[in-house]
Amino acid sequence: MTHDSNVPYIGRATSRVDGPLKVTGGAKYAAEYAAPGLLHGYVVSGAIAKGRITSIDVSDAMTVPGVVDVLTHEHRARTAWLSYNYQDMIGPPGKPFRPLYDDKIQYSGQPVALVVAESFEASRAAAALVRVSYKSEEHITDLEAVKGQSYVPPKRRSGIAPPPKPRGDADDAFDAAPVKVKQQYRVPVEHHNPMEPFATTVVREQDGGLTIYDKTQGSQNNQAYICSIFGLSKDKVRVVNAFMGGGFGSGLRPAYQLYLAVLASQTLERSVRVALTRDQMFTFSYRPETIQTVSLGAEPSGKLTAIRHHAVAGTSHFEDHQEVVVNWSGLLYDCKNAKLTYELAKIDTHTPADMRAPGAVLGVFAIESAMDELAYEVGVDPVELRLLNYAEKDENDDKEFTSKALKACFKEGAERFGWSRRSPEPRSMRDGRELIGWGMATGVWEAQLMDTQARVTIHLDGTLEVASATSDIGTGTYTVMAMTGADMFGLPLEKVRVKLGDSSLPTAPVEGGSWAAASTCSAIKLACQALTKDLLEHARALADSPLKRARPEDVVARDGRLFLRDAPGTGVAIQDILRSAKLDELSAKGEAKPDSKVQKTHSSYTHSAIFCEVRVDEQLGVVRVARIVNAVAAGKIINPKTARSQILGGVVMALGSALEEETFSDHALGRFMNHNLAEYHMPVHADIKDIDVIFVDEQDELTNELGVKGLGEIGIVGTGAAIANAVFHATGARIRSLPITVDKLIDSPAFTAEP
Amino acid sequence: MTVTASDHTHAIPIDLHINNQPTRLEVEPWTSLLDALREQLHLTGTKKGCDHGQCGACTVLIDGTRINSCLALAVMQDGKAITTIEGLGTVETLHPMQAAFIEHDAFQCGYCTPGQICSAVGMIKEGHARTADEIRELMSGNLCRCGAYSNILAAIEQVMGANISSEKVAA
Amino acid sequence: MNRYTFTQAVDADGAVREKIGADVRFIAGGTNLIDLMKYNVERPDRVVDITKLPMRDIAEAPHGGLRLGALVTNAVCAYDTRIAERYPLLREAILSGASPQLRNAATTGGNLLQRTRCYYFYDVDTPCNKRQPGSGCPAIGGLNRIHAILGTSEHCIATNPSDMNVAMAALGATVNVRGTSGERAIPILDFHRLPDDKPEVDTNLRGDELITSVDLPDEAFATHYTYLKLRDRASYAFALVSVAAALRMEGGTIAEARIALGGVAHKPWRRPEVEALLKGAKPGLQTFSKVADALLEGSRPQSQNAYKIQLAHRAIIRALTQAADGTPQSVADKAIL
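The structure is reproduced here in structure tokens:
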């Protein structure tokens, strides 16, 4: 296919450039790198929730042929002993968990030993023979039991906005409100469960350096972590994450197998791989349970007069994990009186972690459910109620929005869904034995740009390389980076090579928060501009250069030429520029940074409106999501194809959260019990029917260079509430505790009696 | 009269036809087909998602039939023909299902993808899926946490549509 | 997963002889055994491959009906045209279980022996009377949302997870086994057992016995049947409650009824004396409701699964309605008729 360089890739549906590798099995993930004499590590997980290890007997394990060593807290290489050294860029305040550090057990499933063997099978067989004895102490894993001891986190987590100061007097306003809604909402512990289990392969290079193939969302975060703990210099540690089999936040912080693999490699001076089992995937990061209370006061018209939103979230005893849970309630709606409070309570588990749209999934579920309840209270259509209370500015921070096309989301989403045909009364729509429910909700997520560097290199053969240490966790980063580079140099995609997922590349943050596309592509754009400028310098030096008097803003690079924008015939072949400068290649760097001037006056968010149809068997309580329309305002869409996929993925995960997902804890044992993919239910093919994604037009000149806002999270936010609201509309049963499973519906008094 | 093979506690030689290549392997009795493929043959296209038959990432075709290679002992596959994702097509010569997955963006992180593709190929061969709902049901043994289900369905429908029309032409 | 001795059996007698001794397991499809071995729930000393035994045929049974070889896979069974025509209930039950990949490997004999999905049973770091007799049952008073409401004991409240078993119970299949002292036939209702004080024993299969085949009786209920399975997601999940219902209708009247429940007990739950209540009755909500009451009589909820009593009650009524109407539940279309 010939490429017309006048038609930019950005904005055009483009297939993933890494697609061919992924569909042929050629894409290599962390556990798939071989090395001579590679050893295999198998983690032994602890059995109790709290206490001490009294002994570890490895004698039987050591008899298994092929076993090389069993590492424990008593038998391992020396590592840093200050907890400070174990901190990473993402971690919350506190003392990070240190694997195999001492005899202390802090949570059930904690790694207590690592069996290292010549084969995976030997390590697995021996791991079952390691006998660990414990002295148990009393533990509490039930958030309900400790919610009375909740506290405001004394130290803020970096990058996480605390609740805004109260505005007005929400307590008085609520007391005086003619219409009140006050309810408690709960979301249980959920696990990320990316399809690829966490794994690390540490390869010892000839020069003594370590190449670490690691499952992570941030190679440089993990590089710094390892260097700090093991006292290694950065030039001796390279972390590679060229492909990551799903993260959803679970790979923002270093997972413990990274530490264990490096520990084993340093102890035994061999290359080592450690891969976690699926059940071990339930032993380090999870979405925290929350207990939330939302109080809404309103006029009979539905106009809000008071918003209170209080959340208590679980965290570990050793760290204060924090998320933005309640702020959304003050942001989404125009209301003079708002009081938003967020507290933590400690339980004997590992520290929770960010999971796709951390905080927002929880808080927006609560506020958007409460808004739905208010809609019925006042008899106003849920969309109308949201328009009535529409926030034209960010009242939390008293700022303007860089753009907010949420009204277009309501309009286009409602039209596509056919919302106007909705019968407002609960239980008023049906098809045979199935009650039909139509529900909707709003979604919101921060549009952020993070400090990110990129390097672009033009080669003599006409190809362009774009590089940044960012990651592609399935989000399509490879592709949007290639598209940006291709457009900036007017090249076909085939001539653009992307390098990412490598700590040796230009500095980039962890891949998360929906900031990767905006940040990385902005950096590439700047790098390309710098490279064009450098090329022009060289071009001007040419004898009889037609660009002698050209200024950088006058020229463009396209189809291998650098020429005057207004006189395309006047220009020079880039090849000639490089040749005459005796260069094989020319590189330039770019760095994207948030515009602090804009940030002082403006807030930037993505928004969405989600419309959902459920069908619920009127006796059996079986819920089916028949269709979902998710209308998204996210600024400029770089690649509509992968962008749509991101929203689809968010919607599917939201369906799981709303209807299926819960990690069950046996509080007597202090242990998650459904630690597998058979009993931790996440959606399967048969759960997913029609999902329609709309990107409404939203021009944003302020949010960043490209007007791009990011899509990783917005698809999941609010979607759970839309589903729950649809279930209420169908059945008249308001289930405020997710997931909405058949047992809860059957037990709900509002649900139908038998025929 | 009893005839049993001799006891094995150590590596046992087996002959497999992997992606049309005769392959001799020595496997321990407790090695799964999945681990034999990934660790011994470095055919890492077949993925380990759960190692317990709960996700489908390890799906391969044995004598044309899709199974979970994590729950198959390698030692029991002697003489079998095994097709993995690497055997379906290459970057240069994609299998129609692989091409359709790219076209419909039927994956994101790519980890469940080889299993999805092998499963889809196996499903079409089984011949029991005729409607979208039947495809959904008969692909439900393959989890995708990125949530690419709608696009996977579209990719499979495209390939099935092509098959159906070519069969009609042939008839 | 432990190291073990691996042997291949080439005939049934040999296989049976191999099984004498403590920790010997036959392996065929392996879909449950390998799973359990990887979790260290099963740690056999010896594993005997029985896949070379000639037990892969589906044939006419000696006294009418069909005989399924123990090694017939779930997929082969479900898609066999004779099964589809004569035993659609069995077909639908099998197809509503597990996944296509698992059904391609799992065998009839293995499915009969599938072990419970109780969380505690699967987690060797927790007590479980079924896995480690005498260690206790944390599911009682713990996580028991998925557990049994019928036939439980103070030692165990686990359920049998199989869908196939429920249909076979409704059909009244017979399990043919062979041991060192010869062959015997075990009626399906006597094959699985309740936990009582020996929850570690799932079935009445003796230590030296090999399942060779299953006989399906002549009466197949091919017109008025359904398999209704309720679960936590639309597919690839174990039943919270399932109902296999089969009716023989004469005119508008029920001549014979079979109802088996899954997900509610340690074995497929059938009460022939309750089924007799339907004989001669006309289909109707009140009748079905009475039958549901009787079937669930004696049900005992745990702390989290009282809903199962109500759910099972409604599911029985719906399943009987579907069966009477001749509108069996579709596996692919998730709307429940």
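Protein chains in written order, with my numbering: chain P, 1409 to 2163; chain X, 107 to 277; chain V, 1007 to 1343.
Cβ coordinates follow ideal geometry from the N, Cα and C atoms, glycine included.
### Task
Give me whichever residues DSSP pairs with Met-1896 of chain P in a beta bridge.
BP columns for Met-1896 of chain P are empty, so no partner.
### Task
Return the residue from the list P:Asp-1756, P:Pro-1760, P:Asp-1762 and P:Asn-1797 that minimises the CA-CA distance to Glu-1776 of chain P.
Each of P:Asp-1756, P:Pro-1760, P:Asp-1762 and P:Asn-1797 was checked against the Cα of Glu-1776 of chain P, and the nearest Cα belongs to P:Asn-1797.
### Query
If you scan the region 1916-1943 of chain P from start to end, which runs of the alpha helix (DSSP H) of 4 or more residues do you find wholly inside it?
Segments of the alpha helix (DSSP H) lying fully in the region 1916-1943 of chain P: there are none.
### Message
My assumption, with CB atoms under 8 angstroms, is that Gly-185 of chain X sits in contact with Asn-248 of chain X. Please give the rounded CB distance.
### Response
About 27 angstroms separates the beta carbons of Gly-185 of chain X and Asn-248 of chain X, which is beyond the 8 angstroms limit, so they are not a contact pair.
### Query
Going by alpha carbons, who is nearest to Asp-239 of chain X out of V:Asn-1135, V:Glu-1066, V:Glu-1048 and V:Ala-1240?
Of all alpha-carbon atoms in V:Asn-1135, V:Glu-1066, V:Glu-1048 and V:Ala-1240, the one lying nearest the alpha-carbon of Asp-239 of chain X is that of V:Ala-1240.
### Query
Excluding five sequence neighbours on each side, which residues of the same chain lie with their C-beta closer than 7 angstroms to the C-beta of Ile-1100 of chain V?
Same-chain partners within the cutoff: Asn-1080, Cys-1083, Ala-1084, Arg-1109, Asp-1169 and Met-1170.
### Query
According to DSSP, is Arg-1948 of chain P helix, strand or coil?
Shown here, Arg-1948 of chain P sits in a helix according to DSSP, grouped into three states.
### Query
Considering only residues of the region 1038-1114 of chain V, which uninterrupted alpha helix (DSSP H) runs meet the minimum length of 4 residues and lie entirely inside it, listed in chain order?
With a minimum length of 4 residues, the continuous alpha helix (DSSP H) runs that stay inside the region 1038-1114 of chain V are 1039-1044, 1080-1085, 1087-1092, 1094-1101 and 1106-1111.
### Query
So what does DSSP say about Gln-2007 of chain P, is it helix, strand or coil?
Three-state result, Gln-2007 of chain P: helix.
### Query
Is the CB of Asp-1063 of chain V under 7 angstroms away from at least one CB in chain X?
So, not an interface residue.
### Task
Assign Lys-1903 of chain P to one of two classes, buried (16 or more other C-beta atoms within 10 Å of its C-beta) or exposed (fewer than that).
Counting the other Cβ atoms within 10 Å of the Cβ of Lys-1903 of chain P gives 16 or more, which makes it buried.
### Query
Should Glu-1598 of chain P and Gly-1654 of chain P be called a contact, given that it needs their Cβ atoms to be closer than 7 angstroms?
No, Cβ-Cβ distance for Glu-1598 of chain P and Gly-1654 of chain P is not below 7 angstroms.
### Query
Does the beta-carbon distance from Val-1733 of chain P to Ala-1714 of chain P come in below 7 angstroms?
No, the Cβ-Cβ distance between Val-1733 of chain P and Ala-1714 of chain P is not below 7 angstroms.
### Message
Can you list, in chain order, the residues of its chain with a C-beta nearer than 8 angstroms to that of Asp-1550 of chain P? Leave out the 5 residues immediately preceding and following it.
### Response
Taken in chain order, the residues that qualify are Ile-1755, Ser-2073 and His-2075.
### Query
Ends of the alpha helix (DSSP H) at Arg-1023 of chain V?
Note, Arg-1023 of chain V: alpha helix (DSSP H), 1018-1024.
### Task
Can you check the region 225-269 of chain X for any beta strand (DSSP E) of at least 3 residues that lies completely inside it and give the ranges in chain order?
Considered as a whole, the region 225-269 of chain X harbours no complete run of any beta strand (DSSP E) with no fewer than 3 residues.
### Query
Expressed to the nearest angstrom, what Euclidean distance is found between the alpha-carbon atoms of Leu-1943 of chain P and Thr-1432 of chain P?
Separation of Leu-1943 of chain P and Thr-1432 of chain P (C-alpha to C-alpha, rounded to the nearest whole angstrom) is 38 angstroms.
### Message
So that I know if they touch, is there some Cβ in chain V lying closer than 7 angstroms to that of Leu-2166 of chain P?
### Response
Since the first residue shown for chain P is 1409 and the last is 2163, residue 2166 of chain P is missing from the structure and cannot be characterised.
### Task
Output, in sequence order along the chain, the residues in the region 1102-1114 of chain V whose CB is closer than 8 angstroms to any CB in chain X.
Residues of the region 1102-1114 of chain V with a Cβ closer than 8 angstroms to any Cβ of chain X, in chain order: Ala-1104, Ser-1105, Pro-1106, Gln-1107, Leu-1108, Asn-1110 and Ala-1111.
#### Entry: Start-end ranges of the beta strand (DSSP E) lying completely within the region 115-179 of chain X, minimum 3 residues
The qualifying runs are 118-124, 127-133, 165-168 and 171-174.
### Query
How many Å lie between Arg-1092 of chain V and Ile-1064 of chain V at the Cα?
Looking at the two C-alpha atoms, the distance is approximately 13 angstroms.
### Query
Could you give the C-beta distance for Tyr-1242 of chain V and Ser-1105 of chain V, rounded to a whole number, given that I count them as a contact under 8 angstroms?
Contact between Tyr-1242 of chain V and Ser-1105 of chain V holds, since their C-beta atoms are separated by about 5 angstroms, short of 8 angstroms.
#### Entry: Inter-residue Cα distance where the pair is Gln-1316 of chain V and Val-2030 of chain P
Rounded to the nearest angstrom, the two C-alpha atoms are 14 angstroms apart.
### Query
With 7 angstroms set as the bound, which would you pick, yes or no: does the beta-carbon of Gln-182 of chain X sit closer than that to a beta-carbon of chain P?
For the record, residue 182 of chain X in the displayed sequence is Met; it is not Gln. When Cβ-Cβ separations below 7 angstroms define contact, Met-182 of chain X makes no contact with chain P.
### Query
Would you say Lys-1288 of chain V touches the ligand MN, meaning its beta carbon is less than 6 angstroms from a heavy atom?
With respect to small molecules bound, the structure shown includes none, and the ligand MN cannot be examined in it.
### Message
Comparing C-alpha positions only, which one of P:Val-1415, P:Ser-1541 and P:Asn-1414 sits nearest to Ile-1461 of chain P?
### Response
Among P:Val-1415, P:Ser-1541 and P:Asn-1414, the Cα nearest to that of Ile-1461 of chain P is on P:Ser-1541.
### Message
Give me, in chain order, the residues of the same chain whose beta-carbon lies closer than 6 angstroms to that of Gly-1178 of chain V; leave out the 5 immediate sequence neighbours on both sides.
### Response
Excluding sequence neighbours, Gly-1178 of chain V sits near Pro-1223.
### Query
Counting Cβ pairs closer than 8 angstroms, one from the region 1110-1130 of chain V and one from the region 2081-2088 of chain P, do we hit at least three?
With the cut-off at 8 angstroms, the region 1110-1130 of chain V and the region 2081-2088 of chain P touch.
### Task
Answer with yes or no whether the minimum CB distance from His-2089 of chain P to chain V is below 7 angstroms.
Contact with chain V is found for His-2089 of chain P, since one of that chain's Cβ atoms lies less than 7 angstroms from the residue's Cβ.
### Query
According to DSSP, is Leu-1317 of chain V helix, strand or coil?
In this structure, DSSP gives Leu-1317 of chain V a helical state, which the three-state scheme calls helix.
### Task
Would you list the one or two residues that DSSP bridges to Leu-1752 of chain P?
Note: Leu-1752 of chain P is bridge-paired with P:Tyr-1559 and P:Ala-1721 in the DSSP secondary-structure output.
### Complete runs of the beta strand (DSSP E) confined to the region 1451-1520 of chain P [at least 3 residues]
Fully enclosed beta strand (DSSP E) runs of 3 or longer: 1459-1465 and 1475-1479.
### Query
Gly-1304 of chain V by DSSP, collapsed to three states: which one?
Coil.
#### Entry: Assumed close pair Ala-1951 of chain P, Ala-1996 of chain P - CB separation to whole angstroms, cut-off 8 angstroms
About 24 angstroms; that fails the 8 angstroms criterion.
### Query
Using a Cβ-Cβ distance under 7 angstroms, would Leu-140 of chain X count as near chain V?
It does not: the Cβ of Leu-140 of chain X has no partner Cβ on chain V nearer than 7 angstroms.
### Message
According to DSSP, simplified to helix, strand and coil, what is Met-1255 of chain V?
### Response
Met-1255 of chain V falls in the strand class under three-state DSSP.
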